[in-house]
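See structure below.
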Amino acid sequence: GYWAGLSGSILSLVIRTELYHPGGVFLPGFGQVYNSVLTLHGVIMIFFMVMPILIGGFGNWMLPMMLGAPEMAFPRVNALSFWITFFSLFLVYYSFFVGGGAGNSWTFYPPLSVEGQPDMSTDIMILGLHMVGIGSLLGAIN
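If you read the sequence shown in UniProt numbering, its first letter stands for residue 1, the second for the next number, and so on.
Next comes the structure, spelled out in structure tokens:
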């Protein structure tokens with residue numbers, strides 16, 4: 001969660017730098033790179049920083065201490081949850097480098113155009129979000 005927060009903060013600085021001097025000087029391209037960075041920042045900050053810190057921090061660390069439990073109920077499921085979340089973060093990063101990157105914001109509203117996106121970047125990012133959802137569910141089982 002903390003490494004994702006650091007990389008999301010760096011992406012926020014990239015976004016702010018581009019807004020300081022717009023026109024494709026810092027981020028080349030026709031606006032798609034900016035949209036892809038904005039999408040990657042939103043997805044990482046929400047799904048890979050806020051949710052794992054809230055679920056993992058409160059559910060896996062604080063709640064067993066409050067209950068007086070010496071260990072987790074299912075430690076292997078908890079480890080599997082961590083590794084699924086970890087590898088889904090790499091899928092989301094990978095989606096930025098496929099084609100033009102997913103540039104439809106973190107809400108994934110469909111773009112207002114007739115043509116679809118020809119590359120697989122949005123599909124890979126959605127697969128990564130499904131995987132982090134599975135990881136969150138496995139963490140919630142504990």
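Note that the Cβ used here is the ideal one computed from N, Cα and C, for glycine as well.
- Runs of the alpha helix (DSSP H) spanning 4 or more residues and lying entirely within the UniProt domain "Cytochrome oxidase subunit I profile" (1-142) occur at 2-20, 32-43, 63-67, 75-97 and 121-141, in chain order.
- Taking the C-beta atoms as reference points, G139 is found no nearer than 8 Å to G8.
- The stretch 27-44 makes contact with the stretch 91-108, as at least three CB pairs between them are under 8 Å.
- The beta carbon of P52 sits closer than 7 Å to those of G1 and T85, all from its chain and outside the five residues before and after it, given in chain order.
- Our two residues, A69 and L54, have alpha carbons roughly 19 Å apart in a direct line.
- Residue environment for M45: buried (at least 16 other C-beta atoms within 10 angstroms of its C-beta).
- In this structure, G101 places its C-beta atom within 8 Å of the C-beta atom of V33.
- A distance of 8 Å or more separates the beta carbons of G103 and N60.
- Distance from the CA of L89 to the CA of F108, rounded to the nearest whole angstrom, comes to 17 Å.
- Of the candidates L13, V14 and N142, N142 places its Cα closest to the Cα of A79.
- In this structure, the CA atom of M49 is about 28 Å from the CA atom of H21.
- Taking all protein chains in view, the Cβ of L129 is crowded by 16 or more other Cβ atoms within 10 Å, so the residue is classified as buried.
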